[in-house]
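Numbering (the numbering used here), first residue to last: 2 to 150.
We put the CB at the ideal spot given by N, CA and C, even for glycine.
Beneath this line is the structure, given in structure tokens, with notes to follow.
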Ligand code: HEC
């Protein structure tokens, strides 16, 4: 019994010293950034996604290519219903549409391989760039719409 007590005392002391060691590096000198998320950060990330995925078709200024790829400037799709907008990216889009008296009938391929966050970011960017102003799209909204398909 004495041996066991002594042993457990040693183990306790050992684990205490381990804890003390483990805790040390966790102590932060710098405070965490106050805001790691937020709309501004989403827009910054969204621009990166836009540049690599959407820009080749919709162009750097969102102006598109006449009769080929529609503009993303103040269209009802960009500013309107979020579910429809998210589904354009998740499912692709193949409808004969008219924007500013121009016809567009080329199909847009789905970009469903993008993560929920990437889709939220790129749409938040598009909805708040090119002269657009509309509420952000959140990763949770994308996740919900993806699950509902
Ligand atoms: C391969 C070319 C291509 C890529 C890449 C592409 N699109 Fe499109 N997009 C199109 C075409 C073509 C249409 C029109 C489809 C139709 O007429 O049915 C369209 C339509 C749209 C629309 C609805 C119409 C409008 O102009 O408001 C939105 C919104 C949109 N795209 C956003 C995006 C975003 C955001 C990305 C990047 C994640 C993207 N697209 C990537 C070609 C593309």
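Taking 8 Å as the cut-off, is the C-beta of residue i nearer than that to any heavy atom in ligand 1?
| i | result |
| --- | --- |
| residue 112 | yes |
| residue 130 | no |
| residue 43 | no |
| residue 64 | no |
| residue 143 | no |
| residue 116 | no |
| residue 46 | no |
| residue 77 | yes |
| residue 136 | no |
| residue 49 | no |
| residue 102 | no |
| residue 98 | yes |
| residue 89 | yes |
Going by beta carbon distance, what residues of the same chain come within less than 6 Å of residue i, once the five residues before and after it are set aside?
| i | result |
| --- | --- |
| residue 144 | 117 |
| residue 123 | 47, 50 and 51 |
| residue 93 | 109, 110 and 111 |
| residue 140 | 117, 118 and 121 |
Under the assumption that residue i contacts residue j (Cβ atoms under 8 Å), give the Cβ distance between them as a whole number of angstroms.
| i | j | result |
| --- | --- | --- |
| residue 121 | residue 53 | With a Cβ gap of about 16 Å, residue 121 and residue 53 do not count as contacting. |
| residue 100 | residue 71 | 5 Å |
| residue 135 | residue 80 | 5 Å |
| residue 64 | residue 130 | Incorrect: roughly 12 Å between the Cβ atoms, too far for contact. |
| residue 128 | residue 91 | Not really, about 16 Å apart at Cβ, beyond 8 Å. |
When DSSP labels each residue in this structure, what does residue i get in the three-state scheme?
| i | result |
| --- | --- |
| residue 74 | coil |
| residue 40 | helix |
| residue 119 | helix |
| residue 138 | coil |
| residue 112 | coil |
Leaving aside the five residues before and after residue i along the sequence, list all residues of the same chain whose C-beta is less than 7 Å from its C-beta, in chain order.
| i | result |
| --- | --- |
| residue 75 | 132 and 133 |
| residue 60 | 66 |
In chain order, what residues of the same chain have a beta carbon less than 8 Å from the beta carbon of residue i, not counting five sequence neighbours either side?
| i | result |
| --- | --- |
| residue 97 | 104, 105 and 106 |
*Three CB pairs or more closer than 8 Å across the stretch 106-117 and the stretch 72-86*: no
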